[in-house]
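Heads up: the structure comes next, in structure tokens.
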């Protein structure tokens, strides 16, 4: 599976951005789709993910500001980011993985999000 992410950019603090990620083929119902981010000098961290059924998990730092959504028919996942803060600046990566099979773990190419103060 190839994942193509888009939608990053430069925004002022308090602004909004929407990230999108499209898979090259159908995603299994057992796969989770989500977004991770990595800031300079820091480890990659989970931002949010969503199951086929729509169950979501968010990092505490983005709860109430970010919303993840998944379109199973289109094999896409999006991340709506509101009230952006400078600390949200990072490279954002789309991911899909199967919690029952560790060999199924795919990453997109990453998209830069920069929030200016």
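In my numbering, the protein residues as written are 3 to 119.
Even for Gly, the Cβ is constructed at its ideal location relative to N, Cα and C.
Predicted model only: the values in this text are computed from it and were never measured.
- Within the region 11-49, the runs of beta strand (DSSP E) that reach at least 3 residues and sit entirely inside it are, in chain order, 11-14, 19-25, 34-40.
- The beta-bridge partner set that DSSP reports for residue 106 is empty.
- The Cβ-Cβ distance between residue 37 and residue 81 falls below 8 Å.
- In the three-state scheme derived from DSSP, where H, G and I count as helix and E and B as strand, residue 52 is classed as strand.
- Counting the other CB atoms within 10 Å of its CB gives residue 103 a total below 16, which places it among the exposed residues.
- Check the Cα spacing between residue 39 and each of 92, 84, 21, 105: the tightest is with 92.
- Residue 117 sits in a strand when the DSSP states are folded into three classes.
- Inter-residue distance for residue 12 and residue 106 is about 32 Å (C-alpha atoms, whole angstroms).
- Between residue 109 and residue 97, the C-beta spacing is below 8 Å.
- With a cutoff of 8 Å on beta-carbon distance, residue 25 and residue 77 are scored as near each other.
- 8 Å or more divides the Cβ of residue 20 from the Cβ of residue 52.
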